[in-house]
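Engineer: So that we are looking at the same thing, I have put the structure below in structure tokens.
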Amino acid sequence: RNLGILIAYIVFFAAVYLLATELVSSERSKGEVLVFRGARGGSSRPVAAQGVRRSQAGREATHHIRQYGRRGAGWPPHPSPGGRRSLEELCSDATIKGHPRRILDHVNGWVKPVTLTALMGGTGAGKTTLLDVLANRVAVGVITGDVLVNGHPRTRSFQMQTGYVQQQDLHLEMSTVREALRFSALLRQPASTPKAEKYAYVEEVIKLLEMEGYAEAVIGVPGEDLNVEQRKRLTIGVQLAAKPSLLLFLDEPTAGVDSQTAWSISALIRKLPDNGQAVLCSINQPSALLFQQFDRLLLLSKGGKTAYFGDIGRNSRTLTSYFERHGAVPCRDDENPAEWMLKVIGAAPGAHTDKNWFDIWRRSPEYESLQEELTRLEGGSFAAADPQDQNAAASQLTYAAPFHTQHLVCTQRAFQQYWRTPSYIYAKLILCGGRRAFSLLFPSLFIGLSFCRMPLSLQGLQAQMFSIFRLMVIFAFLIYQAMPQFIAQRTLYEARERASKAYAWYVFLLASQIAELPWALLASIFVFAPFYLVGMDKNPIQTDAVAEWGATMWLLSLFML
Numbered sequence: 001r002n003l004g005i006l007i008a009y010i011v012f013f014a015a016v017y018l019l020a021t022e023l024v025s026s027e028r029s030k031g032e033v034l035v036f037r038g039a040r041g042g043s044s045r046p047v048a049a050q051g052v053r054r055s056q057a058g059r060e061a062t063h064h065i066r067q068y069g070r071r072g073a074g075w076p077p078h079p080s081p082g083g084r085r086s087l088e089e090l091c092s093d094a095t096i097k098g099h100p101r102r103i104l105d106h107v108n109g110w111v112k113p114v115t116l117t118a119l120m121g122g123t124g125a126g127k128t129t130l131l132d133v134l135a136n137r138v139a140v141g142v143i144t145g146d147v148l149v150n151g152h153p154r155t156r157s158f159q160m161q162t163g164y165v166q167q168q169d170l171h172l173e174m175s176t177v178r179e180a181l182r183f184s185a186l187l188r189q190p191a192s193t194p195k196a197e198k199y200a201y202v203e204e205v206i207k208l209l210e211m212e213g214y215a216e217a218v219i220g221v222p223g224e225d226l227n228v229e230q231r232k233r234l235t236i237g238v239q240l241a242a243k244p245s246l247l248l249f250l251d252e253p254t255a256g257v258d259s260q261t262a263w264s265i266s267a268l269i270r271k272l273p274d275n276g277q278a279v280l281c282s283i284n285q286p287s288a289l290l291f292q293q294f295d296r297l298l299l300l301s302k303g304g305k306t307a308y309f310g311d312i313g314r315n316s317r318t319l320t321s322y323f324e325r326h327g328a329v330p331c332r333d334d335e336n337p338a339e340w341m342l343k344v345i346g347a348a349p350g351a352h353t354d355k356n357w358f359d360i361w362r363r364s365p366e367y368e369s370l371q372e373e374l375t376r377l378e379g380g381s382f383a384a385a386d387p388q389d390q391n392a393a394a395s396q397l398t399y400a401a402p403f404h405t406q407h408l409v410c411t412q413r414a415f416q417q418y419w420r421t422p423s424y425i426y427a428k429l430i431l432c433g434g435r436r437a438f439s440l441l442f443p444s445l446f447i448g449l450s451f452c453r454m455p456l457s458l459q460g461l462q463a464q465m466f467s468i469f470r471l472m473v474i475f476a477f478l479i480y481q482a483m484p485q486f487i488a489q490r491t492l493y494e495a496r497e498r499a500s501k502a503y504a505w506y507v508f509l510l511a512s513q514i515a516e517l518p519w520a521l522l523a524s525i526f527v528f529a530p531f532y533l534v535g536m537d538k539n540p541i542q543t544d545a546v547a548e549w550g551a552t553m554w555l556l557s558l559f560m561l
């Protein structure tokens, strides 16, 4: 009989599920619509993303501004002196599928302020690996060679003084654009900088990136709210808000976007060196106009070997003349120099070459000039003053902000995310994985009333034990329910904020637990109801320990929540 009842249950719930899938329509995407949160977190007003004034950076960039060192209006100068960041004989070796492989092979070069340096190469040439090595973000493999800042080795504070713009636009979806920028400024700018000055700097970043029209917009999820270009601007802005004094890395910022968005982003990137920032940007197959935005090129061939490093020149003539002098097919006037050079070194799809451009480069006069410049950087006037050592104590810090600042800012953001995600709070209290479930109070009352006031007997004790087991089942669902909220913040921390030295891992865990505590306290009151309904309060009456037993059960409920 029981088997038949179970089969009937299965058939009934399967039929309800199939019927629901036919009748309940899936949630439709609302499109890229900006949502502005009210000043008090109340009402919001949607605005079509197309209605926001599009950046005029593309039109401005056609003038090809080359006035290096010229500051933009209202843009505060960076604190870095005019030094250079150099790399010498850099190699990277790793074990892939049990076999050793060299990813970078004796790479040399430098990056200086007010210049935009492009990093290019074919697929698998090691562009991202080189950026990770320079940014001190490589956790595996063996790295040899030197990475110097004005002739000095990198200090512990190097990652705090650089910015790294990743390909992925990772942000907390319930934060606004201005809040994301302020979070970066508060934790990554020096602790000696006043809070008001950090906020003022954020406003300058918003103006530079032309984000005034959607500074108060909610970031949202990809495909909705902010569009691709706006998300990329925000990703760049988060790094600029940290006020990197040494270098800004960008890993293929135009990947996966249309030509108009790519042009707008490249014009934005062109603004950064024009305002005093040193920029190293990896880019894949740019158009001829986009390629002209760069001043210098580091070209990697297969195996992470250098094929060229030097100036691009007007209309790319410096670059093309180098390869043509060494036997390359001349670049036509109507041909894209960026695509042409990849064909020359055999990095373009379907292209092959018999020349060893790495050996040609090592024997070229340009390579000799590079070595002379690196020698001058090591022992010349650049090595006299190290921007990392402006404050000897600060240069040895792992994090720019002290513990109490990290804790306060991270906890505030965690509370903000919980408050702006009411579905999670309702799910915590209503015990639902979405919008369709039953109340948390109802299961507690159901369990308590099912075994209401059980007698002090063996059967009553068994019923009380079974009621506790039923409560444990509820706790299991609550644990699964908390994971998505935590994982979203953990993903952002592991992908960007940990590598940027924004805050420590224990601060992240502490802030997450504190933000969870109020809702766990509230939910524990509901879960605690069966203690009295089932009659477990009668057991310790003879020993006068009712309060102790009740407190123990409540703490157990709180701990499991």
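Going by full-length UniProt numbering, the final residue of the sequence shown carries number 561, and the count climbs one at a time with no gaps.
Even for Gly, the Cβ is constructed at its ideal location relative to N, Cα and C.
#1: Can you tell me whether LEU247 is buried or exposed, with buried defined as 16 or more other CB within 10 angstroms of its CB?
#2: Per DSSP, what kind of secondary structure is GLN67 in: helix, strand or coil?
#3: Taking only three categories from DSSP, how would you classify PRO77?
#4: With respect to the alpha helix (DSSP H) encompassing MET341, which residues constitute its N-terminal and C-terminal limits?
#5: Take LEU209 and list the residues in its own chain whose beta-carbon comes closer than 7 Å to its own, dropping the five residues that flank it on each side.
#6: Of all the options LEU456, PHE559, PRO518 and PHE469, which has the alpha carbon lying nearest to the alpha carbon of ASP537?
#7: Straight-line CA distance for LEU517 to PRO402?
#8: How many angstroms separate the CA atom of PHE415 from the CA atom of SER512?
#9: Work out the CA separation of TRP110 and THR320 for me, nearest whole Å.
#10: If you draw a straight line from the alpha carbon of LEU298 to that of LEU408, how long is it in whole angstroms?
#11: Can you tell me the Cβ-Cβ gap for ALA347 and SER301, rounded? I've got them flagged as a contact below 8 Å.
#12: Going by DSSP in three states, PHE528 sits in which element: helix, strand or coil?
#13: Could you pull out every residue in the same chain whose Cβ sits closer than 6 Å to the Cβ of LYS127, ignoring the five residues on either side in sequence?
#14: Rounded to a whole number of angstroms, what is the C-alpha to C-alpha distance between GLY313 and ASP258?
#15: For the segment 239 to 280, which segments carrying the beta strand (DSSP E) assignment without a break, of at least 3 residues, lie completely within its bounds, in sequence order?
#16: Please confirm whether GLN481 and ALA551 have their CB atoms less than 8 Å apart.
#17: Pairing CB atoms from the segment 156 to 166 with CB atoms from the segment 329 to 338, are three or more of them under 8 Å?
#18: Does the distance from the CB of residue 585 to the CB of GLY460 come in under 8 Å?
#19: Counting along the chain, where does the beta strand (DSSP E) carrying THR297 start and finish?
#20: Taking the alpha-carbon positions, what's the VAL52 to PHE294 distance?
#21: Mark HIS63 as exposed unless 16 or more other C-beta atoms lie within 10 angstroms of its C-beta, in which case mark it buried.
#22: What do you reckon, are the CB atoms on THR129 and SER92 nearer than 8 Å?
#23: How would you call ALA14, buried or exposed, if buried means at least 16 neighbouring beta carbons within 10 angstroms?
#24: Counting pairs of Cβ atoms below 8 Å between the segment 211 to 224 and the segment 177 to 195, do you hit three or more?
#25: Taking DSSP's pairing of strands, which residues face HIS99 in a bridge?
#26: On the CB-based measure, 16 or more other CB atoms within 10 Å of its CB, does HIS99 come out buried or exposed?
#27: With a 10 Å radius around its C-beta and 16 neighbouring C-beta atoms as the bar for buried, classify GLN168 as buried or exposed.
#28: Run the CB neighbour count on ASP105, radius 10 Å, all protein chains shown included, and call it buried at 16 or more, exposed below.
#29: For HIS152, which three-state DSSP category applies?
#30: For residue 589, I'd like the list of residues in its chain whose CB is within less than 8 Å of its CB, leaving aside the five on either flank, ordered along the chain.
#31: Looking only at its own chain, which residues have a Cβ that is under 6 Å from the Cβ of PRO286, when we skip the five neighbours before and after it?
#32: Put LEU18 into one of helix, strand or coil per three-state DSSP.
Structural biologist: Walking through what the data contain:
#1: Buried, by the Cβ-count rule.
#2: Unreliable positioning characterises GLN67 in this predicted model, as indicated by a pLDDT of 30, which lies under 50. A coordinate reading is not provided.
#3: Below a pLDDT of 50, predicted positions are generally treated as unreliable, and PRO77, at 43, falls in that range; the measurement from the model is reported next regardless. Coil, per DSSP.
#4: 337 to 344
#5: ARG233, ILE236, GLY237 and LEU268
#6: When C-alpha distances from ASP537 are compared across LEU456, PHE559, PRO518 and PHE469, the shortest belongs to LEU456.
#7: 24 Å
#8: C-alpha separation (whole angstroms): 8 Å.
#9: 21 Å
#10: 42 Å
#11: 6 Å
#12: Coil.
#13: Around LYS127, the same chain offers LEU119, GLY121 and SER282 as residues with beta carbons nearer than 6 Å, after the five sequence neighbours per side are excluded.
#14: 26 Å
#15: 247 to 251
#16: no
#17: No: the two stretches stay apart, fewer than three of their Cβ pairs being nearer than 8 Å.
#18: No answer is possible for residue 585: it lies beyond the span of the chain, which begins at 1 and ends at 561.
#19: Residue 297 is actually Leu in this sequence, not Thr. Element bounds for LEU297: 296 to 301.
#20: Since pLDDT at VAL52 reaches only 37, below the 50 mark, its modelled position is unreliable, and the value read off the structure follows with that caveat. So the alpha carbons of these two residues sit roughly 29 Å apart.
#21: Any reading at HIS63 must be qualified, since the residue scores a pLDDT of 33, below 50, and its modelled position is unreliable; the value itself is stated next. Answer is exposed; the Cβ neighbour count stays below 16.
#22: yes
#23: exposed
#24: yes
#25: ILE96
#26: exposed
#27: exposed
#28: Buried: at least 16 other Cβ atoms inside 10 Å.
#29: strand
#30: With the chain running from 1 to 561 in the structure shown, residue 589 is simply not present.
#31: Annotation for PRO286: ALA338 place their beta carbon closer than 6 Å to its own, counting only its chain and skipping 5 residues before and after.
#32: helix
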